[in-house]
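A.B. asks:
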Amino acid sequence: MIGEQLVPNTQDALVARAVLRDIRHTPQKARRVVDLVRGMRADEALNVLKFAPQAAGSDVFTLLNSAIANAKQQNPAIRDASELWVVEALVDEGRTMKRFRPRAQGRGFRILKRSSHISVAVSDTKATSKSISRTSSRAQTRNPKRSDKSPLATPVAAVKTPAEKGASN
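Per UniProt numbering, the very first residue in the sequence shown carries number 1; after that it's consecutive.
Now the structure itself:
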């Protein structure tokens with residue numbers, strides 16, 4: 001399985017997956033599409049993907065249809081996609097093909113043709129397990145001056161002048 005498994009394998013919840021490997025979309029552009037449908041009902045996600053202007057939308061649409069078909073295969077009582085939720089949608093980096101483009105004075109310019117692995121999981125329940133513990137948004141900031149736990153944010157103890165040092169003795 002690509003990435004970390006976020007959905008628990010419990011007996012009462014149906015979880016069906018579909019994985020698309022080495023698709024020729026960059027992971028950054030594929031994540032834009034996948035982020036649109038994560039957590040939605042499967043039928044609403046299909047409608048969003050059908051009219052998504054991004055190129056990866058049609059591939060994720062086909063992948064979601066495959067995951068829905070896998071769920072129907074596991075449990076024939078499921079009638080249509082409105083009974084399912086998209087509980088997991090991941091995009092991981094695949095192989096990168098290295099190519100060279102000729103440039104001036106005999107040099108070569110490197111071109112990286114990226115690919116991605118996309119995996120989608122649907123379930124009949126909306127609840128997912130929180131296996132990744134997220135810290136607060138204030139602790140995640142990159143600027144140390146804005147963090148509450150930063151040593152720069154705490155007040156510095158007052159420095160005593162030589163006159164004050166003599167007065168305390």
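Ideal Cβ placement from N, Cα and C applies to all residues, glycine included.
All values reported here derive from a predicted model rather than from experimental measurement.
Leaving aside the five residues before and after Leu63 along the sequence, list all residues of the same chain whose C-beta is less than 7 Å from its C-beta, in chain order.
C.D. replies: Ala18, Leu20, Ile118, Val120
A.B. asks: Within its chain, find whatever has a CB closer than 7 Å to the CB of Asp12; leave out the 5 residues flanking it on each side and keep chain order.
C.D. replies: none
A.B. asks: With a 10 Å radius around its C-beta and 16 neighbouring C-beta atoms as the bar for buried, classify Thr26 as buried or exposed.
C.D. replies: buried
A.B. asks: If you count every other CB in all the chains shown that lies within 10 Å of the CB of Asp43, and 16 or more means buried, which is it?
C.D. replies: exposed
A.B. asks: Is it right to say Leu84 is buried, meaning 16 or more other beta carbons lie within 10 angstroms of its own, or is it exposed?
C.D. replies: buried
A.B. asks: DSSP three-state label for Ile78, please.
C.D. replies: coil
A.B. asks: Compute the Euclidean distance between the alpha carbons of Val60 and Phe109, then round it to the nearest angstrom.
C.D. replies: 32 Å
A.B. asks: What does the alpha-carbon distance come out to for the pair Gly39 and Lys126?
C.D. replies: One C-alpha to the other measures close to 8 Å.
A.B. asks: Can you give me the Cβ contacts of Ala56 inside the same chain, cut-off strictly under 7 Å, excluding the 5 residues immediately before and after it?
C.D. replies: His25, Lys29, Ala30, Val33
A.B. asks: Ala16: buried (16+ other C-beta within 10 angstroms of its C-beta) or exposed?
C.D. replies: buried
A.B. asks: Helix, strand or coil for Pro27? Go by DSSP, reduced to three states.
C.D. replies: helix
A.B. asks: Can the beta-carbon of Ser116 be found closer than 8 Å to that of Val86?
C.D. replies: no
A.B. asks: Under the assumption that Ile78 contacts Asp124 (Cβ atoms under 8 Å), give the Cβ distance between them as a whole number of angstroms.
C.D. replies: Rounded to whole angstroms, the Cβ separation of Ile78 and Asp124 is 7 Å, and the two are in contact under 8 Å.
A.B. asks: Between the Cα of Phe100 and those of Val37, Leu112, Asp35, Val122, spot the shortest distance and give me the residue it belongs to.
C.D. replies: Leu112
A.B. asks: Could you tell me which residues DSSP puts in a beta bridge with Lys98?
C.D. replies: Leu112
A.B. asks: So the alpha helix (DSSP H) Asp43 belongs to, where does it begin and stop?
C.D. replies: 42–50
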